[in-house]
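One structure below.
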Amino acid sequence: MVFLSFTLAIATPSCSPFFSKIVIKRSCKSLYNDHEKTPTTNTKPEKLIIPSETSLDRQTVDRRNLILGLGGLYSTVNLTSLPSVLANPIKAPSFVPGCANSGWNLDFKQGVRSGACCPPLSKQLEIDYKFPTTGETRIRQPIHSASPEYIEKFKKAIQKMRALPDDDPCSFKNQAKVHCAYCNGHYTQMASGYPEKVLHVHYSWLFFPFHRWYLYFFERILGDLIEDKTFGLPYWNWDNPAGMEIPTVFEEGGKSNPLFTSYRNVNHLRPAIIDLDYQMEERNHSPLDQIRINLCIMNRQMKRNASDAASFFGGKYVAGSNPIFRGDPSVGSIEAGCHTAIHRWVGDPRTPNNEDLGNFYSAGYDPLFYVHHANVDRMWTLWKGLGGEGRKEPTDKNWEDASYVFYDENRKPVRVYNKDCVNLEDLKYEYEVSETPWKSSPPKPRCMSFATETTSPENVTDMKFPLSIRQTVTVHVKRPETNRPKDQKNTIKEIMLLNGIKFDGGKFVKFDVFVNACGDITRISPCDSQYAGAFGLLPHKNSEIMDSKTGVRIELTELLEDINADGDESVRVTIVPRVGCDDVTFEDIKIELIDISEKESK
Ligand code: C2O
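Residue numbers 106 to 707, in my numbering, belong to the letters of the sequence shown in order.
Now the structure itself:
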């Protein structure tokens, strides 16, 4: 690794004297993202001015004022004394002055909810959150089988939250805005030194931990409002056939019901069975078929396509990068799959942006959001319980030290870290056990050969990239190895990487990927092994991040065994555009062997 010396000097008078005029060593890479000029191309010696935490938080520093210095003139400090400078975890700014209600595209005026999502100001700066030492464990229960008393408590708590004044950070409106602020460009990476980069908690490995913390405080606020410190959020058990409808308690009584919102798709109210592969069209499956398909989808997104942290949590996202950028990005299987499908399935098509659940900015306005995400969070726990070498949280420091700021139930701004939300014992909540029939609903092969096929796809190496998927694309991709020994397959997975997928972040995007599809492709369902995965993204309403890039990982090891194709030199991949794919392009399609037992690089 190449180390360069930089001179650090202080830009603002309020900073700690500790930082003044010191020289540290660090790699170029951790300072600059790949799209920026690296210091080696810069011949002019400049100074790097690193402001203190406080001045960063107070937004006194703009990246335009950060000047790089090469060549140290001052005394050197030990690298370990500056840990936060070395790693590049995403650090949300203090929301006191760090939030900006700006950057909205004009379209936003049409939204049924406000696009100004900054939380109310607090005079205090945040402190690192400490878990309370007292308090019982809260039990989160499936809402479809919850007792009337428990439902009443939940309703009452939401009602009280709705009744809080607008300047109370715990009010329902302000809680809803938390999601919008973290997803629609209200925060930048200023606290990590990149004020020009937007901070976003979707499409990457921040997805699960951010939402876990968000719900954690939401739940504690509700408990406080009804003076029940044991109150646990209910969860929408959409992975269980008994819970695959919008729970009745959210609809009954209409406007007088605190759990109600008028912005839901009325065609999807009870008794409609949820479509975990929703792509903006009604498929008219019989309820039983829909349930069977949903279970296959869960099985694939939890097991087959989620054998390591990168596949399940999503790709690496560190300070200085855009949430999704070329390199090592990908959206996790659950986020891109059932999670997004549910948002879209519930969102109201009569509203301009599929409010409430169908768009990031408005999702938190539907109480169903919190119950939906409680089940998403439960998937994290269940996934770890499935075992296997790779089923553990990312071990990268940049994941562990990423942090966000929330108001706790005492209206105190607190900073929380990914590494502290890994153990439910610390968080003091648990999920009541519910059936998981998807565990035993694996996809099955639809056919064993594709001799009847007449199309002759091109080899991926002959194709022109970026590759448009305006229309269905079929291509042969070479495999690194065939018929690997069984014990190797347990730790080294064969994974197809669809990289550099560029899409319009203002649109709902969905496409499906098939491997060795046979017969009429329109008849292949998520219960067939050849259906390799679905990929969906919820839109933003922020023009600055409209041009977005990401990747998808699709695991082939078991799929190819299933269809008896492990001896084939290549696979035939078919990508079928479903929604919003007119301007979607791919930069690369390849298959790699990835060791899932390996620790990620620190
Ligand atoms: Cu932050 Cu389900 O989205």
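Beta carbons: idealized from backbone N, C-alpha and C, even for Gly.
Query, Result
"Whole alpha helix (DSSP H) runs in the stretch 484-555 with 4 or more residues, listed along the chain?", "502-505, 529-532"
"Please report the residue range of the alpha helix (DSSP H) in which residue 271 lies.", "No alpha helix (DSSP H) contains residue 271, which DSSP labels as neither H nor E."
"Give the DSSP bridge partners of residue 601, in chain order.", "659, 696"
"Answer yes or no: the CB of residue 197 versus the heavy atoms of the ligand C2O, is any distance below 7 Å?", "no"
"Contact defined as beta carbons within less than 8 Å: I believe residue 347 pairs with residue 249. What is the distance between those atoms, to the nearest angstrom?", "6 Å"
"Where does residue 424 sit, in a helix, a strand or coil, going by DSSP?", "coil"
"Which residues mark the beginning and the end of the alpha helix (DSSP H) in which residue 451 is found?", "445-451"
"Can you give the Cα-Cα distance for residue 712 and residue 509, rounded to whole angstroms?", "The structure shown does not extend to residue 712, since the chain spans only 106 to 707, so no value can be given for it."
"In terms of residue numbering, what span does the alpha helix (DSSP H) encompassing residue 591 cover?", "591-596"
"Can you list, in chain order, the residues of its chain whose CB lies under 8 Å from that of residue 696, leaving out five sequence neighbours each side?", "582, 583, 584, 585, 599, 600, 601, 602, 661, 676"
"Which of the three DSSP states is assigned to residue 185 in this structure?", "Confidence is the limiting factor: at residue 185 the pLDDT is only 30, short of 50, which leaves the residue's position unreliable and the question unanswerable from this model."
"The ligand C2O and residue 444: does the residue's C-beta get closer than 7 Å to at least one heavy atom of that ligand?", "yes"
"When burial is assigned at 16 or more other CB atoms within 10 Å of the CB, is residue 570 buried or exposed?", "exposed"
"In whole angstroms, what is the alpha-carbon distance linking residue 314 and residue 528?", "11 Å"
"Which ranges would you report for the alpha helix (DSSP H) in the stretch 289-360 if only whole runs of at least 4 residues count?", "312-330"
"Kindly list the residues whose CB is nearer than 6 Å to the CB of residue 294, restricted to its own chain and excluding five residues on each side of it in sequence; keep chain order.", "302, 304, 424"
"The ligand C2O and residue 249: does the residue's C-beta get closer than 7 Å to at least one heavy atom of that ligand?", "no"
"Cβ atoms of residue 658 and residue 416: under 8 Å apart, would you say?", "yes"
"Would you say the beta carbon of residue 222 comes nearer than 7 Å to a heavy atom of the ligand C2O?", "no"
"Is there at least one non-hydrogen atom of the ligand C2O closer than 7 Å to the beta-carbon of residue 468?", "yes"
"Run through the stretch 219-274 for me and flag every whole alpha helix (DSSP H) of 4 or more residues, listed as ranges in chain order.", "253-268"
"Using the DSSP secondary-structure output, state which residues sit across from residue 619 in a beta bridge.", "636, 679"
"Report the three-state DSSP secondary structure of residue 606 (helix, strand or coil).", "strand"
"Note down the Cα distance separating residue 383 from residue 671, rounded to an integer number of angstroms.", "31 Å"
"How big is the Cα-Cα spacing for residue 436 and residue 616?", "13 Å"
"Out of 229, 241, 228, 448, which one is the CA nearest neighbour of residue 533?", "241"
"Under the assumption that residue 316 contacts residue 481 (Cβ atoms under 8 Å), give the Cβ distance between them as a whole number of angstroms.", "7 Å"
"What's the call for residue 375, buried or exposed, on a 16-neighbour Cβ count within 10 Å?", "exposed"
"What's the call for residue 224, buried or exposed, on a 16-neighbour Cβ count within 10 Å?", "buried"
"Assign residue 418 to one of three DSSP states: helix, strand, or coil.", "helix"
"For the putative contact between residue 266 and residue 327, defined by C-beta atoms under 8 Å, what is the C-beta separation to the nearest angstrom?", "7 Å"
"For residue 578 and residue 572, what's the separation of their Cα atoms in angstroms?", "9 Å"
"Would the C-beta of residue 417 count as close to the ligand C2O, meaning under 7 Å from any of its heavy atoms?", "no"
"Between the alpha carbons of residue 489 and residue 544, how many angstroms are there, rounded?", "13 Å"
"Assuming residue 575 and residue 401 make a contact with CB atoms under 8 Å, what is their CB distance in whole Å?", "The Cβ separation is near 28 Å, so there is no contact."
"Using the Cα positions of residue 688 and residue 681, report the straight-line distance between them to the nearest angstrom.", "14 Å"
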